[in-house]
Amino acid sequence: MTTISANLQAVLARIAAAAPKSRRNADDILLLAVSKTWPASAVREAAAAGQRAFGENYVQEGVEKAVELASLGLEWHFIGPLQSNKARRVAEIFDWVHSVDRLKIAERLAEHRPAALPPLQVCLQVNVSGEDSKSGVPMADVPLLARQLASLPRLKLRGLMAIPAPHDDFVQQRHAFGLLREIYERLKRDGLKIDTLSMGMTHDLEAAIAEGATIVRVGTAIFGERMVKTSR
Ligand SMILES: *Cc1c(COP(=O)(O)O)cnc(C)c1O
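Numbering-wise, the sequence shown is residues 10 to 241 according to the working numbering.
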């Protein structure tokens, strides 16, 4: 077994151990392998070990890998900061975008999503950590923006995503994820048909699963420590 394959098994085992503690089924939790900064060969290796869904943060890098590996039929999720001048490429290449944080971006994605493809699956990124985090929509703005997104053509609003400020303490980790879960439940009560909570990474996926995560986004535990810090 390769390192990546062994790491993947270990992460799947973490998910399988965490789910029943909250009376959840591990099959209801999607593992998104975050391959940012890693070469296409690493994605290929993970794919050979059975991994289907991959997350990328940088448009150019993600597009290159998705195009090179198109014949593998993988699912590509964009999870990084998105500028409107790059929205077209993302709408053309990716299956999901987790990081929608304003109406203008969503409108660009909708406008450029090719008619031949299924609707782009999107999550609204929410800032659950206030001052500690600059990315994401303030919680107070979520209900209106979610409604606006849900009404756009060529997009399918699937739910919410967050990257809380990192904590070592399980209770504090859970608290931030709990805030996201509360807004999510409120949107559902208000009639939005959503099914996705994208939250939890290498260091806090158990806390996220305890609060209802349906997608965990894991990079380091699968591919190793990232050497390069790119800023594209
Ligand atoms: C890098 C990244 C991840 C993965 O983080 P790890 O700590 O390496 O598991 C998840 N989500 C987002 C948005 C990221 O940028």
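Every residue gets a Cβ at the ideal spot worked out from N, C-alpha and C, and that includes glycine.
Predicted, not measured: the structure shown is a model, and the values here were computed from it.
Taking DSSP as the reference, what is the three-state secondary structure of residue i?
i      : result
Ile38  : coil
Ser14  : helix
Lys143 : coil
Met170 : strand
Leu201 : coil
Ile224 : strand
Lys165 : strand
Glu70  : helix
Ser160 : coil
Ala115 : helix
Phe179 : helix
Assuming residue i contacts residue j under a Cβ cut-off of 8 angstroms, what Cβ separation, rounded to an integer in Å, is found between them?
i      : j      : result
Ile88  : Gly64  : 5 angstroms
Val225 : Leu81  : Going by Cβ atoms, the distance from Val225 to Leu81 rounds to 22 angstroms, so no, they are not a contact pair.
Leu154 : Leu133 : 6 angstroms
Leu39  : Ala58  : Their Cβ separation, rounded to whole angstroms, is 16 angstroms, which puts Leu39 and Ala58 out of contact at 8 angstroms.
Arg163 : Ile203 : 17 angstroms between Cβ atoms; not a contact.
Arg115 : Glu77  : First, the residue type needs correcting, since residue 115 is Ala and not Arg in the sequence shown. Contact doesn't hold; Cβ gap of about 28 angstroms is too wide.
Between the C-alpha atoms of residue i and residue j, what's the straight-line distance to the nearest angstrom?
i      : j      : result
Gly233 : Val43  : 11 angstroms
Leu91  : Asp199 : 28 angstroms
Thr46  : Tyr67  : 9 angstroms
Glu86  : Ser108 : One detail in the question is off: residue 86 reads as His in this sequence, not Glu. Distance between the alpha carbons of His86 and Ser108 is about 10 angstroms.
Met210 : Ala124 : 33 angstroms
Pro29  : Leu206 : 18 angstroms
Trp105 : Glu84  : 8 angstroms
Ala251 : Val131 : This structure cannot speak to residue 251, because the chain is shown only from 10 to 241.
Ser31  : Ala219 : 6 angstroms
Leu201 : Leu188 : 18 angstroms
Ala230 : Lys197 : 32 angstroms
Leu112 : Ile192 : 18 angstroms
Arg98  : Glu73  : 11 angstroms
Gln157 : Ala15  : 42 angstroms
Ala22  : Ala56  : 18 angstroms
Gln60  : Ala79  : 15 angstroms
Leu161 : Leu169 : 16 angstroms
Asp177 : Ala217 : 13 angstroms
Ala75  : Met208 : 23 angstroms
Spatial neighbours of residue i within its chain, please: C-beta separation below 8 angstroms, excluding the five flanking residues on both sides.
i      : result
Thr51  : The question names Thr, but residue 51 is Ala in the sequence shown. Closer than 8 angstroms at the Cβ level, and outside the excluded window around Ala51, lie Ile13, Ser44, Phe232.
Asn136 : Ser142, Lys143, Ser144, Gly145, Val146, Pro147, Met148, Ala171
For residue i versus residue j, is the C-beta distance shorter than 9 angstroms?
i      : j      : result
Ala185 : Ala174 : yes
Ala35  : Ala19  : no
Asp37  : Thr223 : yes
Arg195 : Gly221 : no
Glu54  : Thr11  : yes
Asp213 : Gln182 : yes
Phe179 : Glu140 : no
Closer than 7 angstroms by C-beta to residue i: which residues in its own chain qualify, once you throw out the five before and the five after it? Chain order, please.
i      : result
Ala100 : Leu118, His121, Arg122, Leu129
Met236 : none
Leu17  : Ala55, Ala58, Gln60, Ile231
Hey, does residue i have any beta-carbon neighbour from chain C nearer than 9 angstroms?
i      : result
Ala159 : The structure shown has no chain C; it contains just one protein chain.
So, for residue i: in the same chain, excluding its five sequence neighbours on each side, which residues have a beta-carbon less than 6 angstroms away from its beta-carbon?
i      : result
Gly228 : Val43
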